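Presented below is the structure to which this report refers.
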Ligand SMILES: [Fe+2]
Ligand SMILES: [Fe+2]
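In this note's numbering, the protein residues as written are 13 to 284.
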């Protein structure tokens, strides 16, 4: 089966990229399941139920979140009710939302969950222990598992990749919004990338208005960081997984862009 993991969907440009680019790609490449980190979907921070419904409509099957999980309060009922959305698994047990869920993909059960890093991030429990607890409790017939490592430090993400080698089908990094070129299959089983990159406006600083961010860094003063607008791209990782064993068979980093925005961006690019 082919699983597409998508990195942080940022605001309206990110949603626009999903709307325009996802369905044709899914059809062309025979994608069976789409798992997207949507922690930045609502105006750059958080998620809402109406936006979740739109993303579902445009082909997102399951949603992971991150440090912005609770930014929009009206997401709480969605977190409680939907089995297609998970909150970070290594938050305190009583935090609202599911730490893990199962997605039915043509009769194959796919477990998915996300973990927060502990380095340069807000406080969270050990992502290693949380992954152990979840993977240790999966029913024996669940062979395929997808882990979103939402973390700042590359070292912590790589360490989690190695720690979960042979136990998870896919470990994909999110949160830094910049794709890394280290995609690989660890131990002949676990598809890994340190960060898939954001799905959002690339003529920006990590999705935010570049002028405001630069001005803030130059002056040391606070500025409102609105979501940027130009050069929306969809970034992700396409992995072929053997449903019988849960082992990844092939891995491909992808970045798709809206053709009509190509001439507007000041950001050079080589990607398709
Ligand atoms: Fe993010
Ligand atoms: Fe984040």
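We put the beta carbon where it would ideally sit given N, CA and C, even for glycine. Bear in mind the structure is a predicted one, so any value in this text is a computation, not a measurement.
So the candidates are the options; which of them puts its Cα closest to the Cα of residue i?
i: residue 152; options: 179, 137, 160, 171; result: 179
i: residue 260; options: 132, 204, 279; result: 204
i: residue 18; options: 86, 87, 162; result: 162
i: residue 39; options: 16, 93, 55; result: 16
i: residue 54; options: 46, 47, 44, 65; result: 65
i: residue 138; options: 67, 105, 57; result: 105
i: residue 278; options: 121, 240, 254; result: 240
i: residue 192; options: 164, 117, 79, 52; result: 164
i: residue 68; options: 57, 96, 52, 44; result: 96
i: residue 58; options: 78, 172, 45; result: 78
i: residue 235; options: 244, 224, 245, 242; result: 224
i: residue 200; options: 237, 122, 176, 93; result: 176
Skipping 5 residues on each side, what residues in its chain have a beta carbon closer than 6 Å to that of residue i?
i: residue 264; result: 250
i: residue 166; result: 206
i: residue 34; result: 70, 71
i: residue 109; result: 91, 99
i: residue 252; result: 14, 261, 262
Let me know if residue i comes out buried or exposed under the rule of 16 or more other beta-carbons within 10 Å of its beta-carbon.
i: residue 50; result: buried
i: residue 23; result: buried
i: residue 169; result: buried
i: residue 131; result: exposed
Residues in the same chain with beta-carbon distance under 7 Å from residue i, minus the five sequence neighbours each way, listed in chain order, please.
i: residue 32; result: 270
i: residue 60; result: 54, 84, 86, 87
Under 9 Å, Cβ to Cβ, is there at least one residue of chain C near residue i?
i: residue 255; result: Included in the structure is just one protein chain, with no chain C present.
Legend entry - Secondary structure, beta strand (DSSP E): runs of 3+ residues fully inside the segment 193-226: 196-198, 202-205
Legend entry - Cβ contact check for the segment 197-211 and the segment 221-241: 3 or more pairs under 8 Å: Inter-segment contact for the segment 197-211 and the segment 221-241 is absent: fewer than three beta-carbon pairs are separated by less than 8 Å.
Inset, instruction - Would you be able to state if there are at least three C-beta pairs under 8 Å between the segment 125-133 and the segment 84-91? - result: no
Legend entry - Unbroken stretches of the beta strand (DSSP E), 3 residues or longer, contained in the segment 43-119: Counting whole runs of 3 or more residues, the segment 43-119 contains the beta strand (DSSP E) stretches 45-49, 74-76, 113-117.
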